[in-house]
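Note sheet for the following structure.
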Amino acid sequence: MHKDTDMAGHAASSTHHVVPLKIYYAIFAILMTLTGITVAVAYVDLGPLNSVVALVIACVKALLVVLFFMHLKYSTRLIKLTAIAGLYWMIILLALTLSDYLTRGWGTFGQQVAVK
Amino acid sequence: MHNHSTAHPALAHHFDSLDQQQEAASLGMWVFLLTEILFFGGLFLVYTIYRGWYPQAFASASHHLDIPLGTINTAVLIGSSLTMAMAVHAAQLNSRKGIIVFIVLTMVLGTVFLGIKGLEYSHKFHEHLIPGLHFEYAAAPQFVRHAQIFFSLYFVMTGLHAAHMIVGMGLMTWMLIWTARGVIGNGYYSPVEIVGLYWHFVDIVWIFLFPLLYLIGRHA
Amino acid sequence: MATEFPAHHYLNDGYGIKSWLLTRDHKRIALLYLIAVTFFFFVGGAFAVLIRLDLATPPGDLVSDDTYNQLFTMHGVIMVFFFLIPAIPAILGNFLVPLMIGAKDLAFPKLNLLSWYIYIIGGLMGVYVLLTGGLDTGWTMYAPFSTRFSTTRVVPAALAIFVTGFSSILTGLNFIVTIHKMRAPGMGWFNMPLFLWSTYATSLINILGTPVIAITALLVAVERLFRFGFFDPALGGDPVLFQHLFWFYSHPAVYIMILPAMGVISELVAAFCRKPVFGYSFVAFSSLGIAVLGFLVWGHHMFVAGQSVYASLIFSMLSFLVAIPSAIKVFNWTATMYKGSVSWQTPMLYAIGFIGLFTIGGLTGLFLASIGVNVHVTDTYFIIAHFHYIMVGGTIMGYLGGLHYWWPKISGRLYPEGLSKLSAAIIFIGFNLTFFPQFILGYLGMPRRYHAYPPEFQVLNVLSSAGASILGVGYLLPMFYLAWSLRYGKPAGANPWGASGLEWTTTSPPPTENFPVTPTVTESPYHYPSPVVKHVA
Amino acid sequence: MFDIPLFPERASTIAGEVDALYFFLVGLSGFFALLIATLIVAFAIRFRRRHADEVGAQVHGGLLLEIGWTVIPFIITMVIFFWGAKVYFAMANPPDETLNIYVVGKQWMWKVQHVTGQREINELHVPVGRPVRLIMTSEDVIHDFSIPAMRIKADVIPGRFVQIWFEPTNAGTYQIFCAEYCGTQHSAMIGRVSVMEPAAYQAWLSGGTAEGSLASRGEKLFADLACNTCHRPDARGRGPWLAGVFGHSVQLQDSSVVTADENYLRESIMQPAAKVTAGFQPVMPAFQGLITEEQLLALIEYVKSLSPAEQPQAQPAGTQR
């Protein structure tokens, strides 16, 4: 008895989708493997890439949890949009604050003292 | 699936159908998680800034965290996410027994995680690594000040994470009671589903905390 | 001819104290908020009066400097967190969102009641702070003053803000889910009253911004209690980081305060011109635009705070962009009046006052977005004047306008028209007299939060103080005549204004379930002549 | 009594530029505020409701108008943005040659330290016509050094230096305010700038001080604190020799490069481990909490005074050795 123009429709509603247990087991196995990899890779010297690799692996793991354990893959557009909004605002918070921190060292305009 | 003309016992008076009610609950939890993302987002921002300012102190301080314990905890928490997903699965299939078994399993794993976390905290206490309180950092005295920032973040981030887990386990206890009483079942399972969403979110927070806190500069 | 009071309505559906304190009816919860928020409004207002009295003389003879610092701090904390942020959403929003979309209640009625209790707990913590030593950090609580130097009750105050934040988060969450999931048949997004668009946009800010202030307040409390280093430079922290986190919420919070008022004004202008709002979709999307852009501009509070000059430039440019959706709204309201049937009833007077004062507030925002001028006027009375034009000239005008407009719906009775017009006029005059001189003081350089000031600023300060006392009278009047009307006002009937909108199709006051049968919507919310009951008087 | 100031004095080169933009904004705001006010009042009268059942014209909108009042404000705001940015550019960029003066804020006073050795409290003497650069820090909380007549202002932050500059154009005295709330006596943290004609300023300078220049005080401190046992010109020093460091780039242990400005020198004294010069060990003790802000200023000024070609010697007036 309600209308929601921004929903894909009830057929895709998360409340009805039953994910086969096999998929859960597979995701669990991948998550454990990635945990192992992230620990192992920490001991390899990749220079500044260490942090990048650790974060990429963490993002992949988080994505797997969100898509499968949290059923986002099977959810409505509205819920997908909600999840993306969280990511987007988090990026705003980080990016605009970093726009201050990353440029503080630049000094004032053209004030950078001549190098050498 | 549901017959709209005979009201389901779990249907609240202001909803037209159980579908509408369950969708509202699920959307409500996602919106709440949106809030949680920004809540932890503030902490991750503070972390990012100071790690950028004091990379060596952070790497040095990170060496005082216990990787085996952290790794075990990561595995335990991911395992609890699996059992939580299976509890929701059981709920979808209207298996009360399944709900109870898997929620209890999830709570056991959650308790193991908190136990290990408590063990780590007590190690830090004995190693004088609590900032602001007899903090000692003889290994690399030049980092004593900035290592305290690391440990401040460590305790606040993991502490708030643990607090979320305790809340989650409280909610699960509630789910057990509701399931035992028969409130949940017969096609009504959105409380279990949204508690599951919350628990998985808490798991995701840890997935980021683990590498950011435990695994800095380990190759050095 | 005489309008009958309905036999059954939400107000007489149970009389005991329990029927109120345990109610899940959104309309009763709205009234619970009305009582609590009004209490805090007058507490905050009393502080404002004391501040202005003290500033009537250059040395500030009324109170000591410590007391003065506590007065402006508590004025700010109470007005921002306990009045402006909850006022329109929690009172009018709670009352109207289900009525306007044709629902029986909000999606989560128990959560709604919980929000009110959280608000009350936060408020009691605020009162506790007041009674046990106060707070002198300014509502901004800048570190390291708040985390180390202040000798007042910073930790309970920070926790009060932390707790109260969850009240607005949960209210916002409730509105978002309700608007998505509970609309009556036929009520598409573009059949929604504009008040709902602005409430939706406000709720977005609430759920996205409030958690950041919550964690920031928590970090302040932790740093102060345990000497954990986050913001204090003595511990290796950066006080500017606190400001980033603080303003990430607190700038959008300005839009939490003004957006609902803008929604109210859209309703008032339409109802009292009996005309659809000009450019409906532009007004609707400008609300969302403000909510989204509002998150990108917080750095304009920090142009002199030691932020990088490059970041300042970025924030300055983004700040100008927010001016555009605000301008769109003002122009569309004005255009709505063209060829309308403009009534001069009290709510419309507030709407006209709002448009004028908000225009000034918005235009002076351009001064602040522009870095070259901002450096000179920031931290002066120019800022004070600017944001009071938005908060008082905007939000409170919108709030009072909305309260008068929906009062017949809320109470079922009419308020005295003559007295209400008089108080609207007093408020308008008192407001301008209070705050316009402060623009001049600000450009002269008088810093904000000064207990004592150089004698050459006295004349302008006296004008401002005189205005404040007029404004105070203007705010007291409605409280009395609205209370009076509860008993003695004429029964209003379902639709005393001849307005359109679902809320006017049900009785005044509405029944507990809002509508006898779930309405089906077939028309835009601003269809005139109103398809519903005609004006009866 | 009727001598009410409505506009601030204008005493620096930048003040005119700020005021020009301000007047433009006042004009613009006046125009739009009057436009809106006139329209709403005129519509309210012209289209007032004449009988109870009257309704307005059912007009829904006009795309051209909407585009118009979206695009025109956008253009106007971008003009203001670029104008404001231009003024700010001038404000943030001190000229190459400036008279440098150190300012330390503390609850609730301004301590001014001239390079030539003079110290003042809540007073600042500067000459007309010479760009002045204030290098400022705070001992406790955040303060804000504001001179309305010069149209400049900056938060003074503990733990680092911030700078502002201005070039006074008129002799006279002007208000200094603390513009960032800093506690009990915030409103008492005020002072005066005395802008003096160059001759008068020279006379004031020669009033002199017994302690010698700031750099010479720094040199003495450099020896007292035994800095010179490690920071020495010969190869036996465990720390880098500091002559000519200031204003140049320094290579760090992690092979990044920083510019040795005042903030870098401050950090390297207070928290030496934060940025260690390549080729040296992090053996220097942290002086955080051991020296005052004023001693720190003296040390920095001494390091700045060391020019690369010369042997250690305090620059302008190295009298005490």
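Line by line, the protein sequences are chains B, P, G and S. As numbered in the working numbering, the first sequence has no gaps in its residue numbers, which increase by one up to the final residue, 116. As numbered in the working numbering, the second sequence has no gaps in its residue numbers, which increase by one up to the final residue, 1220. As numbered in the working numbering, the third sequence has no gaps in its residue numbers, which increase by one up to the final residue, 2537. As numbered in the working numbering, the fourth sequence has no gaps in its residue numbers, which increase by one up to the final residue, 3321. C-beta: ideal position from N, C-alpha, C; glycine also.
Name the chain P residues whose beta carbon is nearer than 9 Å to that of residue i?
i                  : result
Phe2230 of chain G : Val1046, Tyr1050, Ile1149, Ser1152, Leu1153, Val1156
Classify residue i as helix, strand or coil using the three-state DSSP reduction.
i                  : result
Ser2064 of chain G : coil
Asn3100 of chain S : strand
His2251 of chain G : helix
Trp2139 of chain G : coil
Ile1999 of chain G : In this structure chain G extends from 2001 to 2537, so residue 1999 of chain G is not present and cannot be described.
Gly2430 of chain G : helix
Met1172 of chain P : helix
Val2541 of chain G : The structure shown has nothing for residue 2541 of chain G, since chain G only spans 2001 to 2537.
Cys3182 of chain S : coil
His3125 of chain S : strand
Phe1208 of chain P : helix
Ile1184 of chain P : coil
Ile3152 of chain S : strand
Could one say the Cβ of residue i lies closer than 8 Å to chain S's Cβ atoms, at least one of them?
i                  : result
Phe1143 of chain P : yes
Tyr2443 of chain G : yes
Leu2196 of chain G : no
Arg2153 of chain G : no
Ala2221 of chain G : no
Would you please verify whether the beta carbon of residue i is less than 8 Å from any beta carbon of chain B?
i                  : result
Thr1071 of chain P : yes
Ala2311 of chain G : yes
Gly1041 of chain P : yes
Gly2299 of chain G : yes
Arg1218 of chain P : yes
Leu2321 of chain G : no
According to the neighbour-count rule (16 or more other Cβ atoms, all chains shown, within 10 Å of its Cβ), is residue i buried or exposed?
i                  : result
Ser2064 of chain G : exposed
Gly3056 of chain S : buried
Thr1035 of chain P : buried
Ala2184 of chain G : buried
Gly2012 of chain G : The displayed chain sequence assigns Asn, not Gly, to residue 2012 of chain G. By the neighbour-count rule (16 or more Cβ atoms within 10 Å), Asn2012 of chain G is not buried but exposed.
Thr3292 of chain S : exposed
Ile27 of chain B   : buried
Ile2352 of chain G : buried
Phe2449 of chain G : Residue 2449 of chain G is actually Arg in this sequence, not Phe. Burial call: buried.
Trp2344 of chain G : exposed
Pro20 of chain B   : exposed
Trp1174 of chain P : exposed
Phe1125 of chain P : exposed
Val2517 of chain G : exposed
Closer than 7 Å by beta-carbon distance: list the chain G residues that pair up with residue i, in chain order.
i                  : result
Leu3064 of chain S : The premise fails here: Leu3064 of chain S is roughly 11 Å from chain G at the closest Cβ pair, so nothing lies under 7 Å.
Thr97 of chain B   : His2244
Cys3182 of chain S : Phe2145
Phe1032 of chain P : Leu2173
Does any residue of chain G bring its CB to less than 8 Å from the CB of residue i?
i                  : result
Gly1132 of chain P : yes
Asp3261 of chain S : no
Glu3267 of chain S : no
Ser1005 of chain P : Interpretation of Ser1005 of chain P is limited by its pLDDT of 49, a score under 50 that renders its predicted location unreliable; no figure is taken from the coordinates.
Leu78 of chain B   : yes
Can you list the residues of chain G that residue i reaches, using a CB-CB cut of under 9 Å?
i                : result
Leu93 of chain B : Val2212, His2244, Leu2245, Phe2248, Phe2295
Which residues in chain B have a C-beta closer than 8 Å to the C-beta of residue i? List them in chain order.
i                  : result
Ile2314 of chain G : Leu96, Ser99
Would residue i pass as an interface residue toward chain P - the criterion being a Cβ-Cβ separation below 8 Å?
i                  : result
Gln3251 of chain S : no
> Mind pulling the beta strand (DSSP E) runs of 3 or more residues that sit fully within the segment 1082-1163 of chain P?
Replying inline: For the beta strand (DSSP E) assignment, the segment 1082-1163 of chain P encloses no uninterrupted run of at least 3 residues.
>> Extract the residue ranges of the alpha helix (DSSP H) inside the segment 3060-3084 of chain S, only unbroken runs of 4 or more that lie entirely within it.
In response: As for any alpha helix (DSSP H) of minimum length 4 sitting wholly inside the segment 3060-3084 of chain S, there is none.
> What are the complete alpha helix (DSSP H) segments, minimum 4 residues, inside the segment 9-92 of chain B?
Replying inline: Fully enclosed alpha helix (DSSP H) runs of 4 or longer: 21-42, 49-64.
> What alpha helix (DSSP H) runs, 4 residues minimum, are completely inside the segment 3244-3312 of chain S?
Replying inline: Counting whole runs of 4 or more residues, the segment 3244-3312 of chain S contains the alpha helix (DSSP H) stretches 3262-3270, 3293-3305.
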